[in-house]
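J.: Before I ask anything, here is the structure I am working with.
In UniProt numbering, the protein residues as written are 1 to 362.
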């Protein structure tokens, strides 16, 4: 019997080169203006289920498996009661790691804790603030698998989307109303009132044909005025759109964005970019709830190339920053809605008859 080969860990240089190659191969996928509107929509559809993945990782996943819909680690699928099928190759993603570096007083260089002298290590252990520090981020490659690479069957899929309160084919009015209530709580936490034309504190403001609008005072969102007589799904999608404006283009939040940090959010120069981001966020979050806003979103998706003409600087970096905002705010809103829906979902789950194979919740 042949002897097993000893495992040789990869050097930092090998890991760095491997990461660079994977990123280079995927970069064309994030350049949305070079893809069709349908491909851009598919990119956003994936973000609705993989909302915790960065746009760069979404691009990486789709560059390796374009049909990807729901992905997770080997452990994720094992915990759900499923296994990855034999012969399937993992999809590579970037996994960030933050490393604390300490400034060596002698060399003036920043070193990891293990590379400090024993004397300096002892000082840091006694007083964590003894040396000046910085945090350096680096990336390793991680492995994920799509649901189609597992032994999960189509009848199992609904259980793999536990935070989806309703589908368009089987609407759940209670779930929709609860999602709207939760979104109003999110607005209140941001210091924003959700009103109607009759209850607004700014009666001179006219909605016109708009379904909703955010009223800003000194660059800060103060109120979201919503049109009357909207159905709950339409109300939810519109409110998500307006909350996206508040969480991205509000002066208090602009600093969290790599795109808006150095731009004047009160200027009309980038108005098309603002509307694009808000509508894409509404599309992603609504999609995660089972609300289809394709009809509203497709014109924005199709006009992406035109919107890019107002942007200066490195094209790929700017696009990544713009889509990074969409991912960040979508994630915040989806998780807030999930928290708000959790009690009702637990109540509904208690009424269901146990299935032969129960899925573990992670």
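By construction, the Cβ of each residue, glycine as well, lies at the ideal position given by its N, Cα and C atoms.
1) Where residue 135 and residue 98 are concerned, what is the direct C-alpha to C-alpha distance, given to the nearest angstrom?
2) Please classify residue 113: does DSSP put it in a helix, a strand, or coil?
3) Check whether the Cβ atoms of residue 251 and residue 220 sit closer than 8 Å, and answer yes or no.
4) With distance defined between alpha-carbon atoms, name the residue in 46, 240 and 109 nearest to residue 176.
5) Please name the residue, chosen from 208, 180, 80 and 223, that lies closest to residue 200 on a Cα-to-Cα basis.
6) With distances taken between CB atoms, is the gap from residue 336 to residue 51 smaller than 8 Å?
7) Are at least three pairs of beta-carbons, each pair with one atom in the region 130-149 and one in the region 203-211, less than 8 Å apart?
8) At which residues does the beta strand (DSSP E) containing residue 102 begin and terminate?
9) With DSSP as the reference, please indicate the residues paired to residue 138 in a beta bridge.
10) Pull up the DSSP beta-bridge partners for residue 226, would you.
11) Would DSSP call residue 167 helix, strand or coil?
12) In chain order, which alpha helix (DSSP H) runs of at least 4 residues are fully inside the UniProt domain "Polyvalent protein metallopeptidase" (234-310)?
13) Quick check on residue 364: buried or exposed, where buried means 16 or more other Cβ atoms within 10 Å of its Cβ?
14) Please go through the same chain and pick out, in chain order, the residues whose beta-carbon is closer than 8 Å to the beta-carbon of residue 282, but skip the five residues on each side of it.
15) To the nearest angstrom, how far is the alpha carbon of residue 45 from that of residue 284?
16) With the cut-off set at 8 Å, would you say residue 186 and residue 341 are in Cβ contact?
17) Label residue 327 either buried or exposed according to how many other C-beta atoms from any shown protein chain fall within 10 Å of its C-beta, with 16 as the threshold for buried.
18) Using 10 angstroms around the beta-carbon of residue 217, count the other beta-carbons present and answer buried if the total reaches 16, otherwise exposed.
19) Going by DSSP, what residues sit across from residue 221 in a beta bridge?
20) CB residue 133 to CB residue 102, shorter than 8 Å?
21) Which residue from 275, 316, 269 and 230 puts its Cα closest to that of residue 299?
22) Can you tell me whether residue 122 is buried or exposed? The criterion is at least 16 other CB atoms within 10 Å of its CB, across all chains shown.
23) Return the first residue and the last residue of the beta strand (DSSP E) that residue 194 is part of.
T.: Judging by the given coordinates:
1) Reading the chain shown from its first residue, position 135 is the one you call residue 135. Reading the chain shown from its first residue, position 98 is the one you call residue 98. Counting only the Cα atoms, residue 98 lies some 6 Å from residue 135.
2) Taking the chain shown and counting its residues from 1, one reaches residue 113 at position 113. Residue 113: helix per DSSP, three-state reduction.
3) As a position in the chain shown, residue 251 is number 251, starting the count at 1. As a position in the chain shown, residue 220 is number 220, starting the count at 1. The answer is yes: Cβ separation under 8 Å.
4) As a first step, residue 176 must be located in the chain shown, where it is residue number 176. Here the closest residue by C-alpha is 240.
5) Position 200 of the chain shown, counted from the first residue, corresponds to residue 200. Answer by Cα proximity: 223.
6) Counting from one through the chain shown, the residue named residue 336 turns up at place 336. Counting from one through the chain shown, the residue named residue 51 turns up at place 51. No. Outside cutoff.
7) Because the criterion of three Cβ pairs below 8 Å is not met, the region 130-149 and the region 203-211 do not touch.
8) Residue 102 sits at position 102 when you count from the first residue of the chain shown. First-last of the beta strand (DSSP E) with residue 102: 91-103.
9) Taking the first residue of the chain shown as 1, we reach residue 138 at position 138. Looking at the DSSP output, residue 138 sits in a beta bridge with 97.
10) Reading the chain shown from its first residue, position 226 is the one you call residue 226. Answer is 212.
11) Taking the first residue of the chain shown as 1, we reach residue 167 at position 167. Bear in mind that the predicted position of residue 167 carries a pLDDT of just 39, short of 50, making it unreliable; the figure below should be weighed with that in mind. If DSSP states are grouped into helix, strand and coil, residue 167 belongs with the strands.
12) For secondary structure counted as the alpha helix (DSSP H) over 4 or more consecutive residues, the UniProt domain "Polyvalent protein metallopeptidase" (234-310) holds these complete runs in sequence order: 271-289, 294-302 and 304-307.
13) The structure shown does not extend to residue 364, since the chain spans only 1 to 362, so no value can be given for it.
14) Against the chain shown, residue 282 aligns to sequence position 282. Counting only residues of its own chain and dropping the five nearest sequence neighbours on each side, residue 282 has a CB closer than 8 Å to the CB of 237, 238, 240, 241, 244, 293, 296 and 297.
15) By one-based count along the chain shown, residue 45 stands at place 45. By one-based count along the chain shown, residue 284 stands at place 284. Taking the straight line from one Cα to the other gives about 7 Å.
16) Within the chain shown, residue 186 is the residue found at index 186, counting from 1. Within the chain shown, residue 341 is the residue found at index 341, counting from 1. No. Outside cutoff.
17) For the purposes of this step, residue 327 is taken as residue 327 along the chain shown, with counting starting at 1. By the 16-neighbour rule on beta-carbons within 10 angstroms, residue 327 is buried.
18) Position 217 of the chain shown holds residue 217. It counts as exposed.
19) Position 221 of the chain shown, counting from 1, holds the residue named residue 221. Looking at the DSSP assignment, residue 221 forms a beta bridge with 216.
20) Mapped onto the chain shown, residue 133 falls at position 133. Mapped onto the chain shown, residue 102 falls at position 102. In terms of Cβ geometry, residue 133 and residue 102 form a close pair [threshold 8 Å].
21) Within the chain shown, residue 299 is the residue found at index 299, counting from 1. Distance check between residue 299 and each of 275, 316, 269 and 230 places 275 closest, using alpha-carbon atoms only.
22) Taking the chain shown and counting its residues from 1, the one referred to as residue 122 is at position 122. Result: exposed.
23) For the purposes of this step, residue 194 is taken as the residue at position 194 of the chain shown. For residue 194, the enclosing beta strand (DSSP E) covers residues 193-195.
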